[in-house]
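Protein chains: 4
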Amino acid sequence: MSLKKVQKDVEEWTSQFNVQYWQPHEILARLMEETGELAREINHKYGPKKKKESEDAKDLSDEMADIIFTLGCLANSLNVDLDEAWERVMDKCYKRDSQRYERKK
Amino acid sequence: MSLKKVQKDVEEWTSQFNVQYWQPHEILARLMEETGELAREINHKYGPKKKKESEDAKDLSDEMADIIFTLGCLANSLNVDLDEAWERVMDKCYKRDSQRYERKK
Amino acid sequence: MSLKKVQKDVEEWTSQFNVQYWQPHEILARLMEETGELAREINHKYGPKKKKESEDAKDLSDEMADIIFTLGCLANSLNVDLDEAWERVMDKCYKRDSQRYERKK
Amino acid sequence: MSLKKVQKDVEEWTSQFNVQYWQPHEILARLMEETGELAREINHKYGPKKKKESEDAKDLSDEMADIIFTLGCLANSLNVDLDEAWERVMDKCYKRDSQRYERKK
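If you read the sequences in order, they're chains A, B, C and D. Per the working numbering, residue 7 is the first one in the first sequence, and the count goes up by one each step. Per the working numbering, residue 7 is the first one in the second sequence, and the count goes up by one each step. Per the working numbering, residue 7 is the first one in the third sequence, and the count goes up by one each step. Per the working numbering, residue 7 is the first one in the fourth sequence, and the count goes up by one each step.
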């Protein structure tokens, strides 16, 4: 029940338009653009280029939500169920990767 | 109630380990790696390099979930509430971007 | 003798400053940002978002040069010789990948 | 005379094949993939995931050359002269950005 809302919100918003979803490569390019904006904010906030504190806190989380929006578009356009994929990823964590990192004593 | 579960699942899994979250730049590098894997799958499935149909359908959605997992780590490590950010993004869609794309007649 | 000039130009420019090169993860984040800007321009020029022709032709090649500049910084900061790496890549093409793509008759 | 050789090497290699260059969005996706591989190596070498020293030194520079190869493909396919773009970027450094960073005393 987690990522269903993301996909539904995206579907409702995009359903208003003539071209509901771009082509996969076009959405991917948009994903790169959004990821690049997150990278810029991380360099501002935690790297060599400083900005004002107040401004950044909002930007960083918004860039993350923009990436999720873009993934929502890609998922909807390809009929992918992100909740199912999420279950598989968490399952892989608890099985395949369970010995990958050093555990607390 | 949408992205809360993603953040909670990530928190539960990572809380087992000595180093719960990497540094922001390190998580960002991981995000690039995961985004690159999605790009490779999109070129396989919709671009010039063909793979078997069965294999790809799963890979593509799993790569998307891996990106969301990495964003969950970044969000948790920075105390970002993704649901709040999501609401801001959807709000921006309906306000700022409402005239940006050609609407259905 | 090809990429030497890129590395030398970058070295000359950066040698003026107190902090000559950022840390590898910081340069990598900058590379993501520049790659994202190239992605945006490609979506403008060849994708769903149209801009003016004149403006784009310049932008696209400049974004590519910005990526090369960022790689020049990373290479210099890590004492990497890009010409040597280039020779290895071309060598790999002619050996490992020589049967990878369909040849002209 | 710097990046001309890169573009010429790429042209010679690709001219053997039926499809000499992919579409811009497809080359961009490849660029993401290669950038992601560089990110993975940087996390291995300078981040939380350690690998053997010997192995990494080579990988990192090769990933950088792979990115340059991909840019060479994009430039050739779009008739971009990277040397001209490079001159513009260096020119921008010495003019627009000349006061951007703290100079040595």
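Glycine residues also receive a C-beta, built at the ideal position from the N, C-alpha and C atoms.
Subject >> Residues sharing a beta bridge with Phe23(A), DSSP >> reply: The residue given as residue 23(A) occupies position 17 in the first sequence. According to DSSP, Phe23(A) bridges with Arg109(B).
Original post:
Since Asn49(D) meets chain B, which of its residues come closer than 8 Å, beta carbon to beta carbon?
Top reply: Locating residue 49(D) in the fourth sequence gives position 43, where the first residue counts as 1. By Cβ distance, chain B contributes Glu32, Ala35, Arg36, Glu39.
Subject >> is_contact[Tyr107(C), chain D] using C-beta, thresh 8 Å >> reply: Residue mapping note: residue 107(C) aligns to position 101 of the third sequence, counting from 1. Yes, contact with chain D.
Original post:
Going along chain C in order, which residues have a C-beta closer than 9 Å to the C-beta of Val16(A)?
Top reply: Numbered from its first residue, the first sequence carries residue 16(A) at position 10. The premise fails here: Val16(A) is roughly 16 Å from chain C at the closest Cβ pair, so nothing lies under 9 Å.
**OP:** Find the nearest neighbour of Ile48(A) within the set Arg102(B), Leu37(B), Glu69(B), judged by alpha-carbon distance.
**Re:** Numbered from its first residue, the first sequence carries residue 48(A) at position 42. Among Arg102(B), Leu37(B), Glu69(B), the Cα nearest to that of Ile48(A) belongs to Leu37(B).
Original post:
Would DSSP call Pro30(D) helix, strand or coil?
Top reply: Here residue 30(D) is taken as the residue at index 24 of the fourth sequence, counted from 1. In the structure shown, Pro30(D) sits in a helix (DSSP, three-state: H, G or I).
Original post:
Going along chain D, which residues have a C-beta under 7 Å from Glu69(B)?
Top reply: If you number the second sequence from 1, residue 69(B) lands on position 63. Within 7 Å Cβ-Cβ: nothing; Glu69(B) doesn't reach chain D, min ~11 Å.
**OP:** Under the assumption that Leu88(C) contacts Leu9(C) (Cβ atoms under 8 Å), give the Cβ distance between them as a whole number of angstroms.
**Re:** Taking the third sequence and counting its residues from 1, the one referred to as residue 88(C) is at position 82. Taking the third sequence and counting its residues from 1, the one referred to as residue 9(C) is at position 3. Confirmed, about 4 Å.
Original post:
So, is the C-beta of Gly78(C) closer than 8 Å to a C-beta in chain A?
Top reply: Position 72 of the third sequence, counting from 1, holds the residue named residue 78(C). It does not; no Cβ of chain A falls within 8 Å.
Original post:
Measuring CB to CB, does Val25(B) end up less than 8 Å from Gly78(B)?
Top reply: Mapped onto the second sequence, residue 25(B) falls at position 19. Mapped onto the second sequence, residue 78(B) falls at position 72. It is not a contact, given that the beta carbons lie outside the stated cut-off.
Original post:
Three-state secondary structure (DSSP) at Gly53(C)?
Top reply: Counting from one through the third sequence, the residue named residue 53(C) turns up at place 47. Gly53(C): coil per DSSP, three-state reduction.
Original post:
Of all the CB atoms in chain D, is at least one closer than 8 Å to the CB of Trp2(B)?
Top reply: The structure shown does not extend to residue 2(B), since chain B spans only 7 to 111, so no value can be given for it.
Subject >> Under 7 Å from the C-beta of Asp65(C): neighbouring residues of chain D >> reply: Numbered from its first residue, the third sequence carries residue 65(C) at position 59. Within chain D, no residue comes near Asp65(C); the closest Cβ sits about 10 Å away, beyond 7 Å.
**OP:** Indicate whether Glu40(C) and Asp72(C) have their beta-carbon atoms separated by less than 8 Å.
**Re:** Residue numbering aside, residue 40(C) sits at position 34 when the third sequence is read from its first letter. Residue numbering aside, residue 72(C) sits at position 66 when the third sequence is read from its first letter. Yes, the pair counts as a contact, with Cβ atoms nearer than the cut-off.
Original post:
Hey, out of Trp92(C), His31(C), Asp97(C), Ile74(C), whose CA is closest to Lys51(D)'s CA?
Top reply: Residue numbering aside, residue 51(D) sits at position 45 when the fourth sequence is read from its first letter. Checking every option, the nearest Cα to that of Lys51(D) belongs to His31(C).
Original post:
Looking at Arg46(A) and Phe23(B), is the spacing between their C-beta atoms short of 8 Å?
Top reply: Start at 1 with the first residue of the second sequence, and residue 23(B) comes out as number 17. Start at 1 with the first residue of the first sequence, and residue 46(A) comes out as number 40. It is not a contact, given that the beta carbons lie outside the stated cut-off.
Original post:
Can a CB atom of chain C be found closer than 8 Å to the CB of Tyr27(D)?
Top reply: Counting from 1 along the fourth sequence, the entry for residue 27(D) is found at position 21. Tyr27(D) does not count as touching chain C.
Original post:
What is the DSSP secondary structure of Asn82(B), reduced to helix, strand or coil?
Top reply: Locating residue 82(B) in the second sequence gives position 76, counting from the first residue. The answer is helix: DSSP assigns Asn82(B) an H, G or I state.
Original post:
Are the beta-carbon atoms belonging to Gly53(C) and Ala35(A) less than 8 Å from one another?
Top reply: Counting from one through the third sequence, the residue named residue 53(C) turns up at place 47. Counting from one through the first sequence, the residue named residue 35(A) turns up at place 29. Yes, the Cβ-Cβ distance between Gly53(C) and Ala35(A) is below 8 Å.
Subject >> Extent of the continuous alpha helix (DSSP H) run through Asp103(B) >> reply: Here residue 103(B) refers to the residue found at position 97 when the second sequence is read from its first residue. Careful: Asp103(B) lies outside any alpha helix (DSSP H) and carries neither H nor E.
**OP:** Could you tell me which of Lys111(D), Ile74(D), Thr20(D), Glu43(D) sits nearest to Ala91(C), measuring between CA atoms?
**Re:** Here residue 91(C) refers to the residue found at position 85 of the third sequence. When each option's Cα is compared against that of Ala91(C), the closest is Ile74(D).
Original post:
Just to confirm, are Val86(C) and Met70(D) a CB contact at a threshold of 8 Å?
Top reply: Stepping through the third sequence from its first residue, residue 86(C) is reached at position 80. Stepping through the fourth sequence from its first residue, residue 70(D) is reached at position 64. Yes, they are a contact pair.
Original post:
Which residues of chain A have a Cβ atom closer than 9 Å to the Cβ of Arg94(B), listed in chain order?
Top reply: Locating residue 94(B) in the second sequence gives position 88, counting from the first residue. Simply Lys64, Ser67, Asp68, Ala71.
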